[in-house]
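These notes are about the structure you will find just below.
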Amino acid sequence: MDSMALHDEIDSFFDSAPPLKDAAKITDNLKKFIESNFPVSGEGKGRRVVCVTSGGTTVPLEQRCVRYIDNFSSGNRGAASTEYFIKAGYAVIFLYRRGTCQPYCRSLPDDPLLECFEFADELDVQVRKPYSEAVKGAIRNHHAAVSSGLLLKLPFTTIFEYLQMLRIIAISMRSLGPQAMFYLAAAVSDFYVPWKSMAEHKIQSASGPLDMRLMQVPKMLSVLRMEWTPMAFCISFKLETDSKILLEKASIALKKYKMHSVVANELLTRKEEVTVVTTDQNILVQRDKTRVDSDVEDPLIGLLVDKHSTYIKESST
Ligand code: PMT
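Under the numbering used here, the first residue of the sequence shown carries the number 20, and numbering increases by one thereafter.
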């Protein structure tokens with residue numbers, strides 16, 4: 020597709036999207052967050068800032084939405100990666116799907132409120148012993164990251180919210196130059212129903228089988244990379260279920276969208292290993308299998324932080 024046609028598709032996507040609620044407040048919070056980590060008066064020096072996207076986007080089928088199409092992602096990858104980025108000294112803008120896994124909460128059970136707490140007596144509630152360390156750790160680390168201004172959490176549900184927020188974040192991060200990073204782990208819908216052609220009310224099943232035409236969501240990766248934040252270090256993900264096509268598809272995405280690296284993962288083994296695809300090599304990254312509590316995000320973020328350091332050095336020469 021030529022660049023004019025892509026821009027037309029992108030314009031038509033944003034024009035058809037319902038306006039983002041709280042856009043002014045989000046922009047303001049981002050401005051404050053970025054300025055506190057990368058002061059304008061700091062002569063180009065400050066903390067590196069990464070935008071981590073996490074969880075899947077939904078595609079509503081009705082304006083007063085009862086039904087929607089969803090993209091699979093538990094948010095575990097994004098949440099774990101956020102913890103390691105903060106540990107490595109980054110400030111993180113965590114753009115996440117409401118209700119998915121949160122940083123520092125990975126070791127909590129699925130229903131923390133009901134499983135971690137019990138009545139101490141008739142009135143007071145206490146943490147149940149087996150969960151005591153996990154709950155204390157989650158609260159301590161999460162509050163420390165937010166209150167010290169290292170973690171800004173922005174929730175989305177729909178594809179419309181996700182892409183509008185990604186654009187606002189990218190434009191806000193432009194001033195960071197090469198110190199900015201995008202780590203796009205969210206599972207983003209490929210098809211959508213334009214808002215204006217969407218049924219307002221619940222689609223009635225009595226009308227028979229549903230016949231619906233979905234438009235293709237334009238890939239925003241190339242505009243993010245070339246226009247919204249041209250100096251940022253960009254990592255995208257490629258998820259496949261067929262290992263035979265995974266690396267080739269990742270390599271095509273790397274070139275097509277001019278990403279700095281593409282993290283290729285297979286659905287079934289995504290917690291054990293990923294391959295970081297770059298222009299000159301493919302690097303297999305695996306979880307340390309000798310430790311039960313290890314995860315693949317630990318070595319993955321270590322590798323990407325090193326690559327980002329090299330990129331910053333090369334950009335300044
Ligand atoms: O959350 P977990 O359960 O831990 O799982 C993690 C994960 C498997 C979701 C994650 O590791 C992952 O692979 N995320 C990307 C999944 C995906 O949507 O892949 P894709 O091949 O459809 O998209 C590739 C890239 O294009 C993504 O970086 C996406 O942000 C981007 N994209 C996709 C569609 C679209 N319309 N526009 C985009 O920009």
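In this text, a Cβ means the ideal position worked out from N, Cα and C, and glycines have one as well. Predicted model only: the values in this text are computed from it and were never measured.
| query | result |
| --- | --- |
| Can you tell which of Lys221, Ala283 and Phe252 has its C-alpha closest to the C-alpha of Leu80? | Lys221 |
| DSSP three-state call for Lys64: helix, strand or coil? | coil |
| For Ile112, which beta-bridge partners are listed by DSSP? | Cys70 and Leu171 |
| Kindly identify the DSSP beta-bridge partner or partners of Asp89. | Thr77 |
| Among all the DSSP beta bridges, which residues are the ones paired with Tyr202? | Val71 and Ile254 |
| Which complete beta strand (DSSP E) runs does the stretch 260 to 319 hold, if anything under 3 residues is left out? | 280 to 285, 292 to 296 and 301 to 305 |
| Let me know the secondary structure DSSP gives Met234 once reduced to three states. | strand |
| Per DSSP, what kind of secondary structure is Phe57 in: helix, strand or coil? | coil |
| Compare the beta carbon distance of Glu28 and Pro237 with 8 Å and say whether it is the shorter of the two. | yes |
| Extract the residue ranges of the beta strand (DSSP E) inside the stretch 121 to 154, only unbroken runs of 3 or more that lie entirely within it. | 136 to 138 and 144 to 146 |
| Quick one: is the Cβ of Phe256 within less than 7 Å of any heavy atom of the ligand PMT? | yes |
| In the DSSP assignment, what residue or residues form a beta bridge with Ala218? | Glu81 |
| Classify Pro249: buried if its beta carbon has 16 or more other beta carbons within 10 angstroms, exposed otherwise. | exposed |
| Should Ser92 be counted as a contact of the ligand PMT given a C-beta to heavy atom distance under 7 Å? | yes |
| To the nearest angstrom, how far is the alpha carbon of Ser313 from that of Thr294? | 17 Å |
| Taking just the CA atoms, how far does Leu286 sit from Val71? | 19 Å |
| Nearest to Lys172 by alpha carbon, out of Glu137, His161 and Ile112? | Ile112 |
| Can you tell which of Lys106, Lys51 and Gln235 has its C-alpha closest to the C-alpha of Leu25? | Gln235 |
| Tyr211 bridges to which residues according to DSSP? | Met234 |
| Specify, as a first and last residue, the run of the alpha helix (DSSP H) that Ser100 falls within. | Asn95 to Lys106 |
| When you compare each of Glu62, Ser55 and Gly156 to Val68 by their alpha carbons, which one comes out closest? | Ser55 |
| Cβ of Asp209 within 7 Å of any heavy atom in the ligand PMT? | yes |
| Cβ of Ser73 within 8 Å of Cβ of Thr119? | yes |
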